[in-house]
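So for the sequence shown, full-length UniProt numbering puts the first residue at 1; every next one is plus one. To keep things clear, I will list the structure first and then write my remarks on it.
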Amino acid sequence: MATQNFDALHEKAGNSSDVIVNLHGTIGTSHCMKCHQEYSTADIMARLDEEPDPHCHRRLKYRSDRPCNGIIKTDVVYFGEALPEGAMEKS
């Protein structure tokens, strides 16, 4: 099932995530734009008061004393961005 919705309502309605292709991404997860570490968007939202400009805290492999510090972005496809890899083929 291909959908342009990014709000996960198809999953919440009981459809298997194995058959859903979210062409415009999903609001449920976020990723660091630098190292690609995955985050729960709900966790990011819960910490917005303490951290209004979320950055990645993952420790660098080559410098474990420093965080990645990349910008965290929701996995929603914004205007001008490419669709998720493989989305068109799956749909």
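Where is the CB? At the ideal position from N, CA and C, for every residue including glycine. Bear in mind that the values here come from a model prediction, so they are computed numbers and not experimental data.
Does any C-beta atom of chain C lie closer than 8 Å to the C-beta of residue i?
i: I44; result: Note that chain C does not occur in the displayed structure, where there is just one protein chain.
Below 8 Å on the Cβ atoms is my contact criterion, and I expect residue i with residue j to pass it. Report the Cβ-Cβ distance as a whole number of Å.
i: M1; j: V19; result: 5 Å
i: I27; j: V76; result: 6 Å
i: V21; j: T3; result: 7 Å
i: G14; j: P84; result: Their Cβ separation, rounded to whole angstroms, is 22 Å, which puts G14 and P84 out of contact at 8 Å.
i: R66; j: C32; result: At roughly 14 Å, the Cβ-Cβ gap does not stay under 8 Å, so R66 and C32 are not in contact.
i: A87; j: L23; result: 5 Å
Of all the options the options, which has the alpha carbon lying nearest to the alpha carbon of residue i?
i: P54; options: G86, S17, I72; result: I72
i: S30; options: A87, K90, P84, T74; result: T74
i: G70; options: A82, S17, C56; result: C56
i: L60; options: D49, Q37, E89, D7; result: Q37
Where does residue i land, buried or exposed, given buried means 16+ other C-beta within 10 angstroms?
i: Y62; result: exposed
Look at residue i and residue j and say whether their C-beta atoms are less than 8 Å apart.
i: K12; j: C68; result: no
Going along the chain, which unbroken runs of the beta strand (DSSP E) with 3 or more residues stay wholly within the UniProt domain "Deacetylase sirtuin-type" (1 to 91)? 25 to 32, 38 to 40, 72 to 76
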